[in-house]
Amino acid sequence: DTAVSQTPKYLVTQMGNDKSIKCEQNLGHDTMYWYKQDSKKFLKIMFSYNNKELIINETVPNRFSPKSPDKAHLNLHINSLELGDSAVYFCASSQGGGANTQYFGPGTRLTVL
Amino acid sequence: AQSVTQLDSQVPVFEEAPVELRCNYSSSVSVYLFWYVQYPNQGLQLLLKYLSGSTLVESINGFEAEFNKSQTSFHLRKPSVHISDTAEYFCAVSPSGGYQKVTFGTGTKLQVIP
Numbered sequence: 378d379t380a381v382s383q384t385p386k387y388l389v390t391q392m393g394n395d396k397s398i399k400c401e402q403n404l405g406h407d408t409m410y411w412y413k414q415d416s417k418k419f420l421k422i423m424f425s426y427n428n429k430e431l432i433i434n435e436t437v438p439n440r441f442s443p444k445s446p447d448k449a450h451l452n453l454h455i456n457s458l459e460l461g462d463s464a465v466y467f468c469a470s471s472q473g474g475g476a477n478t479q480y481f482g483p484g485t486r487l488t489v490l
Numbered sequence: 117a118q119s120v121t122q123l124d125s126q127v128p129v130f131e132e133a134p135v136e137l138r139c140n141y142s143s144s145v146s147v148y149l150f151w152y153v154q155y156p157n158q159g160l161q162l163l164l165k166y167l168s169g170s171t172l173v174e175s176i177n178g179f180e181a182e183f184n185k186s187q188t189s190f191h192l193r194k195p196s197v198h199i200s201d202t203a204e205y206f207c208a209v210s211p212s213g214g215y216q217k218v219t220f221g222t223g224t225k226l227q228v229i230p
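As structure tokens, this is what we get:
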């Protein structure tokens with residue numbers, strides 16, 4: 378039973394395209410996150426939702442739009458993809474924030490050509 | 117704002133030797149501290165965390181870390197490493213209380229040499 382799953386695992390696309398990444402967690406958690414990990418392994422938070430409400434919105438281009446249809450799902454839509462968007466995107470979830478352990482998905486490797 | 121510094125980007129160590137991965141943080145408020153591990157082509161997993169109480173925290177697989185408030189450090193140690201410990205290790209910090217964001221360090225790649 379996968380706790381946090383993401384689809385797709387790999388995504389290769391051309392500059393200018395629009396793409397979506399989906400995330401689902403079956404842990405019953407109320408908080409979900411999107412992180413971006415660049416080629417140097419630097420991990421940076423992008424967004425966080427608690428009970429479908431956006432609570433963390435870092436300085437991210439507005440081409441990135443998260444959407445949480447329910448507590449178990451958090452999707453990421455990216456418009457007009459750029460070369461610099463190439464990275465591994467991780468979804469994570471936790472019960473509450475701060476002190477609570479975050480459970481990460483396997484990641485989506487996005488390559489923009 | 118919080119920040120985390122992991123000075124060593126790579127640490128090679130022979131199997132069964134001890135290892136220390138260094139982590140220093142900066143914060144004007146009290147914090148929670150974490151170590152996460154990332155095995156190749158996988159997501160991160162929590163190794164251990166400090167929230168309050170005893171400054172020495174341990175993981176189930178033999179790692180330990182000590183919170184040192186005066187030195188603002190949270191170094192990770194293991195007395196004897198195994199090949200299977202080869203991975204990327206991330207130190208992270210979060211302000212205590214509420215829905216605060218977790219800030220990750222740049223990671224340290226532990227390479228265990230047979």
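Order-wise, the sequence lines are chains L and P.
If you count by my numbering, then the first sequence holds residues 378 to 490, one letter each, in order.
If you count by my numbering, then the second sequence holds residues 117 to 230, one letter each, in order.
Each residue gets a CB set at the ideal place from its N, CA and C atoms; glycine is no exception.
The Cβ of Thr222 of chain P sits closer than 7 Å to at least one Cβ of chain L.
When Cβ-Cβ separations below 7 Å define contact, Gly405 of chain L makes no contact with chain P. The Cβ atoms of Ser146 of chain P and Ser212 of chain P sit closer than 7 Å to each other. Listed by position along chain L, the residues whose Cβ is nearer than 7 Å to that of Tyr148 of chain P are Gly475 and Ala476.
Inclusion of Gly484 of chain L and Gly159 of chain P in the CB contact set at 7 Å is warranted, their separation being smaller than that value. Near chain P, meaning a CB-to-CB distance below 9 Å, the residues of the segment 418-438 of chain L are Lys418, Phe419, Leu420, Lys421, Ile422, Ser425, Asn427, Ile432, Ile433 and Glu435.
Around the C-beta of Leu487 of chain L, 16 or more other C-beta atoms lie within 10 Å, and the residue is accordingly described as buried. In this structure, the beta-carbon distance from Thr222 of chain P to Gln154 of chain P does not fall below 7 Å.
Look at Ile229 of chain P here: in three-state DSSP terms it is strand. Nearest to Ser186 of chain P by alpha-carbon distance, out of P:Glu131, P:Gln227, P:Leu162 and P:Thr171, is P:Thr171. Annotation for Glu182 of chain P: Thr171 and Leu172 place their beta carbon closer than 6 Å to its own, counting only its chain and skipping 5 residues before and after.
The contact set of Val127 of chain P on chain L, defined by CB atoms closer than 8 Å, is empty, because the minimum CB distance reaches about 14 Å.
In terms of beta-carbon proximity, Tyr215 of chain P lines the interface with chain L, with at least one pair separated by less than 7 Å.
Apart from the 5 residues on each side of it in sequence, Ile176 of chain P has no Cβ closer than 6 Å to any other Cβ in its chain. For Leu460 of chain L, the three-state secondary structure derived from DSSP is helix. Against chain L, the CB of Glu204 of chain P has a partner CB under 7 Å away; the residue lies at that interface. Nearest Cα to Asp407 of chain L within the set P:Cys139, P:Tyr215, P:Phe190 and P:Ala208: P:Tyr215. Listed by position along chain L, the residues whose Cβ is nearer than 9 Å to that of Ser212 of chain P are Gly475 and Ala476.
If you look at Phe424 of chain L, you'll find it in the beta strand (DSSP E) that goes Leu420 to Asn427.
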